[in-house]
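Asker:
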Amino acid sequence: MGASTTGTLALTAASYFEDITLTIGLTPSDFIWQGFMQGKKDGCKEWPIEGESLFSYREKPLPYMPFCYKHPQYWHVIEQETKRTGDMINSRKLFYDSEAVHPILEEEKIKIEKIHGKLLLIGAEDDVLWDAAKYIRRMEEREHICKLEAVVYKYGTHFVFPESMLKMMLPIGSASFVKFAFQSARKHPKECLETRIDIDVRIRNAIEEWKKGEVGYGG
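Numbering (this note's numbering), first residue to last: 808 to 1026.
1. Going by beta-carbon coordinates alone, are D933 and S860 separated by less than 8 Å?
2. Would you mind giving the Cβ-Cβ distance between I1006 and V967, rounded to the nearest angstrom? I have them listed as a contact below 8 Å.
3. What separation, rounded to the nearest whole angstrom, lies between the Cα atoms of K986 and Q887?
4. By the 10 Å Cβ neighbour count, where 16 or more other Cβ atoms means buried, how is A817 classified, buried or exposed?
5. Please identify the residue among Y962, I952 and F838 whose C-alpha is closest to the C-alpha of I917.
6. Starting from the C-beta of I1004, find all residues in its chain whose C-beta is less than 6 Å away, skip the five residues before and the five after it, and write them out in chain order.
7. Assuming I1010 contacts I827 under a Cβ cut-off of 8 Å, what Cβ separation, rounded to an integer in Å, is found between them?
8. According to DSSP, is L950 part of a helix, a strand, or is it coil?
9. Measure the C-alpha to C-alpha separation of L926 and S822 and round it to an integer number of angstroms.
10. How about the segment 909-924 and the segment 862-879: do they share at least three Cβ pairs that are nearer than 8 Å?
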């Protein structure tokens, strides 16, 4: 199970190791992108790494979609979009523009057809880091042998965490934090909460189903 970048990692790992029979991806992408670093560099908090993939396997970088923006323009684009929208961070334009310049190649896509068992994909339309809803729908369209459950909510932001998990991470003020982070959560707090509660149920059900052995090796 993973969320955001690690959601993409969870799917990638499951496509390589067939003994993984339960995979849960929260706001994942359906492709691997260029590697990046976070910290402080020339006034930027994040920057792409030239020639590096987000993931590697057996010491070899996996094929990836390169970002169309280099350092420092990469961060400036994110910074401008974040300021324009009022979100904690907004990088949708980065991904839209990069895919427009470099249409994603088949070798850069995650091979959903190689995933076994149960695959649960969860995202929201109002995710402003990237278009998780579009990526999930593209994964649904790929041929697959796994038992695939894809859920796209209208509201939920990039933080489509189970409500119980969010409260565990932030015992006090979890709802306030989400509203602070994303404009959509400020406008639709009730809907975002309902999304997180529903996700809680879906993940618990998926785990129980898996523990009972109701998901076969091939799906």
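Yeah, the Cβ is synthetic: ideal placement off N, Cα and C, and Gly gets one too.
Answerer: According to the structure data:
1. For the purposes of this step, residue 933 is taken as residue 126 along the sequence shown, with counting starting at 1. For the purposes of this step, residue 860 is taken as residue 53 along the sequence shown, with counting starting at 1. No, Cβ-Cβ distance for D933 and S860 is not below 8 Å.
2. For the purposes of this step, residue 1006 is taken as the residue at position 199 of the sequence shown. For the purposes of this step, residue 967 is taken as the residue at position 160 of the sequence shown. Going by Cβ atoms, the distance from I1006 to V967 rounds to 6 Å, so yes, they are a contact pair.
3. On the sequence shown, position 179 is the one that residue 986 refers to. On the sequence shown, position 80 is the one that residue 887 refers to. Near 20 Å, if we compare the C-alpha coordinates of Q887 and K986.
4. Translated into positions along the sequence shown, residue 817 becomes position 10. Label assigned to A817: buried.
5. In the sequence shown, residue 917 corresponds to position 110, counting from 1. Among Y962, I952 and F838, the Cα nearest to that of I917 belongs to F838.
6. Within the sequence shown, residue 1004 is the residue found at index 197, counting from 1. The answer, listed in chain order, is E970.
7. Along the sequence shown, one-based indexing puts residue 1010 at 203. Along the sequence shown, one-based indexing puts residue 827 at 20. The Cβ separation is near 16 Å, so there is no contact.
8. Taking the sequence shown and counting its residues from 1, the one referred to as residue 950 is at position 143. The question names Leu, but residue 950 is Glu in the sequence shown. It is coil, neither helix nor strand.
9. Position 119 of the sequence shown, counting from 1, holds the residue named residue 926. Position 15 of the sequence shown, counting from 1, holds the residue named residue 822. Cα to Cα, the separation comes out at about 11 Å.
10. yes
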